[in-house]
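Residue numbers (this note's numbering): 460 to 922.
Even for Gly, the Cβ is constructed at its ideal location relative to N, Cα and C.
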């Protein structure tokens, strides 16, 4: 197993990073399972005799019209609840930039390039399919996103525990993916701007930043301010989820003297369960309900727009991430962790083809004026994500015993000091403790040998 100081690609993570990763992914895994349940519930509801009630629930309007917020439930889920999801994404990105894998430009280069290739390739696949098939180019961004929660839910369902390095690689890919998805939404899906509302949103963000710098505490200060900023951002014409990202990026994610955790980590710890356990599943419930009749499924594979989405997720993601990773490692001469192999990277790249939450959101934005095509694109996202999940499950299951062995090595703590042994190989005190443990065990076995020998002598003695 690689040493913690090793600079190898997919090498062992530093212990604090590994502990943070385990805590974050544990919440995301639970949220991913809830997301999966919500998606299935939406599909069952939308294809049952109660399908009209599903549409009625989606289109039920609520909110103050005077503030420009008389929105449908589906709209509230996409613009309101997903702002919480992007707030957490903003904190994750800030933490990765100042204290995580993206802090060191050399270490960050490989996952960043892999993520960029993993977004460019699906967009190119979609564009190629629609150029050849005379389809709409508007959906090029739909297959570019990875859903980390859904990917982790798949891992939980198939019972595969990835080594921490592969989990970190997947999370870093998703964080960079989220960053560029945010930029795509902000740049390509901004409607006519209301500069007064936009100026108000920026003023609110400035106040938010100033309060943070002054050390002001209290949810009763920040939550009302965040709601005002969100409302102004929505009315400005910029997608409202950008407000969540901006506020997340403003939080301090480095620790100061006397702090065990940074403010960003503490707030993320509080908000992540709300995002993963409530906001994202509710968005899925009101967005994933599409018709899955035989004709609709056939259309997914015959229309250029939907076929482009499916191939972008299944083929584009896998080829883009794996190709970007392999080329970067080759040209930078980065060595792959000897405990892993390139098929492991390809399996994770295939898993990243699960593009659920953000892909559904971008699909709604890209084809907002065409309800029928929006539903078809949603069906394509679901089918593409399902195909990617099945393929990744097969590839990961082929290596499951190897992953179990690596995970067992990472968790082993024979000296019971709370620190995995793999992180103490350069610590003389660890080896002295282990020597003492083995000496005690040796003494116990010598005593047992003597007792066993004496017992056998008595048994062999003639009566």
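Shortest alpha-carbon distance to residue i belongs to which of the options?
i, options, result
"residue 842", "518, 758, 531 and 569", "758"
"residue 860", "601, 622, 585 and 552", "622"
"residue 558", "752, 715, 607 and 706", "715"
"residue 945", "708, 804, 657 and 745", "Residue 945 falls outside the range modelled here, since the chain spans only 460 to 922, and no answer is possible."
"residue 584", "779, 856, 700 and 905", "779"
"residue 475", "713, 615, 830 and 501", "713"
"residue 645", "697, 662 and 882", "697"
"residue 786", "637, 605, 575 and 720", "575"
"residue 814", "506, 514 and 640", "640"
"residue 582", "775, 886, 903 and 511", "775"
"residue 617", "895, 848 and 680", "848"
"residue 751", "504, 495, 656 and 630", "504"
"residue 653", "710, 694, 544 and 510", "694"
"residue 699", "854, 509, 686 and 711", "686"
"residue 766", "858, 647, 630 and 586", "586"
"residue 550", "496, 580 and 721", "721"
"residue 791", "565, 499 and 603", "565"
"residue 830", "507, 495, 514 and 676", "514"
"residue 864", "548, 579, 620 and 800", "620"
"residue 733", "516, 817, 507 and 548", "548"
"residue 630", "580, 482, 656 and 853", "482"
Under the assumption that residue i contacts residue j (Cβ atoms under 8 Å), give the Cβ distance between them as a whole number of angstroms.
i, j, result
"residue 601", "residue 768", "5 Å"
"residue 777", "residue 809", "5 Å"
"residue 819", "residue 738", "Actually they do not touch by this definition, with Cβ atoms about 14 Å apart."
"residue 825", "residue 598", "5 Å"
"residue 706", "residue 544", "Not really, about 13 Å apart at Cβ, beyond 8 Å."
"residue 858", "residue 803", "6 Å"
"residue 553", "residue 756", "Not a contact, Cβ separation roughly 41 Å."
"residue 812", "residue 773", "5 Å"
"residue 537", "residue 760", "Actually they do not touch by this definition, with Cβ atoms about 27 Å apart."
"residue 889", "residue 874", "6 Å"
Who are the near neighbours of residue i in its chain, counting only those whose CB is closer than 6 Å to its CB and skipping five residues on each side?
i, result
"residue 489", "none"
"residue 563", "none"
"residue 763", "588, 589, 592 and 594"
"residue 491", "608, 609, 611 and 612"
"residue 783", "572, 573 and 576"
"residue 561", "555 and 567"
"residue 633", "605 and 607"
"residue 501", "744, 747 and 748"
"residue 821", "600 and 601"
Going along the chain, which residues of its own chain have a beta-carbon closer than 8 Å to the beta-carbon of residue i, five neighbours each way excluded?
i, result
"residue 522", "528, 529, 530 and 535"
"residue 681", "667 and 670"
"residue 879", "474, 869, 870, 871 and 872"
"residue 907", "none"
Run the CB neighbour count on residue i, radius 10 Å, all protein chains shown included, and call it buried at 16 or more, exposed below.
i, result
"residue 729", "exposed"
"residue 673", "exposed"
"residue 519", "exposed"
"residue 823", "buried"
"residue 643", "buried"
"residue 533", "buried"
"residue 832", "buried"
"residue 539", "buried"
"residue 477", "buried"
"residue 862", "buried"
"residue 902", "exposed"
"residue 900", "exposed"
"residue 876", "exposed"
"residue 731", "buried"
"residue 662", "exposed"
"residue 658", "exposed"
"residue 718", "exposed"
"residue 454", "The shown model of the chain, from 460 to 922, leaves out residue 454, and the question about it has no answer."
"residue 675", "exposed"
"residue 677", "exposed"
"residue 624", "buried"
"residue 771", "buried"
"residue 466", "With a pLDDT of 49 at residue 466, under the threshold of 50, the modelled position of this residue cannot be trusted, and the question is left open."
"residue 914", "exposed"
"residue 651", "exposed"
"residue 511", "exposed"
"residue 437", "Because residue 437 is not part of the residues shown, which for the chain are 460 to 922, the question remains open."
Near residue i, which residues of its chain fall below 7 Å by C-beta distance, leaving aside the five closest residues on each side in sequence?
i, result
"residue 493", "736 and 740"
"residue 702", "542, 660, 688, 689 and 692"
"residue 628", "469, 570 and 807"
"residue 487", "607, 608, 611 and 735"
"residue 781", "804, 805 and 808"
For residue i, list the residues DSSP reports as bridge partners.
i, result
"residue 530", "521"
"residue 786", "Looking at the DSSP assignment, residue 786 forms no beta bridge with any residue, so it has no partner."
Answer with yes or no whether the minimum CB distance from residue i to chain C is below 7 Å.
i, result
"residue 726", "Included in the structure is just one protein chain, with no chain C present."
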